[in-house]
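Sequential numbering from 473 applies to the sequence shown in the numbering used here. Here a beta-carbon is modelled for each residue, glycine too, at the ideal position from N, C-alpha and C. The next block holds one structure in the form of structure tokens; read it before the comments.
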Amino acid sequence: FYSLPPLELPESERAASGLYDHGRLFDPKHPDTQVDPGRLAFGQERLAVTPLQMAMVAAAIGNHGAEMRPQIVERIVAPGGKKIAHLQPDQLGQPIKRQTADELTRMMELVVTGGTGTAASIPGIKVAGKTGTAEVGRGNIYTAWFAAFAPADAPRVAIAVVLEHQLNGFGGTVSAPIAKQVMEALLR
């Protein structure tokens, strides 16, 4: 967080994540108030983050705390099927201790097996996920999101699904089913 995503993206997707106040990125080392760090902890008010960054959080948790550079392309293949290049994983850092990441994985599995993310459950595949629902004003309008990785015990995919301006739509009811469909397509 608090930096540009490490991937070439359109300008509109490259804003640094974090808390914003009147267009200025909030520095957690110098909070405006004592309340700001508390609000940041549960994602309310001025927190801004991209779906890619949430997918990277999920991936880091699933990767025992190691943050990896996101990849859209795994390999490049020429016409006829000859492999031209195979991209290697690139570790950016270790922002989460292994023990903490492994405990978070167990908690995220529970979200999918019996919590708010059951709509992301895939038969025969352990899924670890986290639902989120952000209030965006009045009238039961929400931004619904779901971040996950699977298989939980040996991740091959990390994903974040965000649906904006959902009338009574929550992360577990509208975003988790979409994440399930995408993960099924990628894992089967």
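{"Asked": "Beta carbon of residue 573 nearer than 8 Å to that of residue 584", "Found": "no"}
{"Asked": "Where residue 570 sits in the DSSP three-state scheme", "Found": "helix"}
{"Asked": "Cutoff 7 Å; reference residue 536; Cβ partners in own chain excluding five residues on either side", "Found": "570, 573 and 574"}
{"Asked": "Contained beta strand (DSSP E) runs [length at least 3] in the segment 574-616, N- to C-terminal order", "Found": "600-607"}
{"Asked": "Assigned secondary structure, residue 620 (DSSP; H/G/I helix, E/B strand, else coil)", "Found": "strand"}
{"Asked": "Three-state class that DSSP yields for residue 563 in the structure shown", "Found": "strand"}
{"Asked": "Boundaries of the beta strand (DSSP E) in which residue 555 is found, first to last residue", "Found": "555-558"}
{"Asked": "Check whether residue 530 and residue 619 have beta carbons under 8 Å apart", "Found": "yes"}
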